[in-house]
Amino acid sequence: SSLFVYPTKIIIKTCGTTQLLKSIRPMIRLARTLGLALHSCRYSRGSFIFPESQPFPYTSFKDEVVYVEENLPKSLRYRKASVMPSTDPSRAWHVFTASVDLVPTCEPIVFEVCMTELDRVLARSFFRRKGENAKNSDAAGKEMTRLSGINAINPNAFICDFAFDPCGYSMNGVDGDRYSTIHVTPEDGFSYASFECVGSVYDCGEDDVAEVLKRAVEVFRPGNVSISTTYGGDGYSHEVTKRVERVLSKKLGLKCRSRLMDEFPGSGTVVYQTFTPRRK
Amino acid sequence: MAVSGFEGFEKRLELRFFGDDPVSNAMGLRLIDFESLDEVLHAVQCTVVSAVANRSFDAYVLSE
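From first to last, the protein sequence lines stand for chains A and B. For reference, each letter of the first sequence is one residue, going 1 to 280 in my numbering. For reference, each letter of the second sequence is one residue, going 1001 to 1064 in my numbering.
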């Protein structure tokens, strides 16, 4: 899980049965002591792998939306909740947004990648080796970063990594004002990895977002990939969507199985794409 | 839930704020002390295991 704190923005991403939405009210309260008021809220997630284990209000997306709305100021009046389906009924994308303004603020594009069925050999990099227990979690995390090739996704980023015991990995990447994050659980049968980063339609060359996403997916060679792309003030770029599909197809053999777009008042446009290997 | 207690797909929350005088308070939310952040994370059921910061933002790796 990760937390990013900017001067006027906070991003919290948690897995397991965490109670993420309980952070809304205290964060609004803390911000108020600094003279800051809430401008917008965005909650998103994929379909839970073990939905029956999630505590209230995560029992259904509808319950989550009710809970969030009860904790938001009335000034955030432009609101929308949407479940974006894919060809696989168990892989939908859930988004709720609320904003004070109807027009989105100019923000970088956010890419959220979810991967399941990780390549078994590559996933081994995220297990701590026997006899390595004495090594601290930071040192073990650095080794996982290097062995897996995560350090090559963005060579300019400073990486803060952590290895869990006996397996699992989290890292945050820091590159100027841009963050990235990866979370991995490598256990066969329910292996999962996520990658998230920000970018711009103007990034090119090694920084081209399609290339960055390709390098991230290549670390895990997963059986299923979904990419949610959120466009704020820059507006939707169909070229980015198509370029991601071209690069993942040409270089990783991943075929786009579904693509859906939805607009959120005051919060921009979300594109949800799912991929599986062409041979599947 | 799996034996390991694992649930892969994350929940993600993004909150954006605005102030009357952003120039005089350029650090904004970054001025929140660690104890207060830790209390929020306690409610969420996470703790900080690693942290890094630069001129633009603070990044924390959490326990879950």
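Built from N, CA and C at the ideal position, the CB exists for glycine as well.
query, result
"C-alpha gap between A/Y6 and A/G189, whole angstroms", "37 Å"
"DSSP three-state assignment for A/A92, whether helix, strand or coil", "coil"
"For A/S249, the nearest candidate out of A/H238, A/R45, A/R279, A/E64 (CA to CA)", "A/R279"
"Neighbour flag for A/F126 against chain B, beta carbons, 8 Å", "no"
"Status (buried if at least 16 other CB within 10 Å, exposed otherwise) for A/R29", "exposed"
"Interface partners of A/K9 on chain B, CB under 9 Å", "E1014, L1015, R1016, F1017, G1028, L1029, F1057"
"Per-residue burial, B/F1017 [other beta carbons within 10 Å of its own, 16 or more giving buried]", "buried"
"Sub-8 Å separation of A/P73 and A/R128 beta-carbons", "no"
"Alpha helix (DSSP H) segments (min. 4 residues) lying fully within the region 39-76 of chain A", "61-71"
"A/V271, buried or exposed, once every other Cβ within 10 Å from all chains shown has been counted against 16", "buried"
"Neighbour flag for A/Q19 against chain B, beta carbons, 8 Å", "yes"
"Supposed close pair A/T230, A/S86 - CB separation, criterion 8 Å", "So it is not a contact: roughly 17 Å between Cβ atoms."
"For A/D119 and A/R221, believed in contact at Cβ under 8 Å, the rounded distance", "4 Å"
"Range of the contiguous beta strand (DSSP E) that encloses A/V110", "109-116"
"Beta-carbon proximity check, A/F111 vs A/V184, cutoff 8 Å", "no"
"Contact residues within the region 228-255 of chain A, judged by C-beta distance below 7 Å to chain B", "none"
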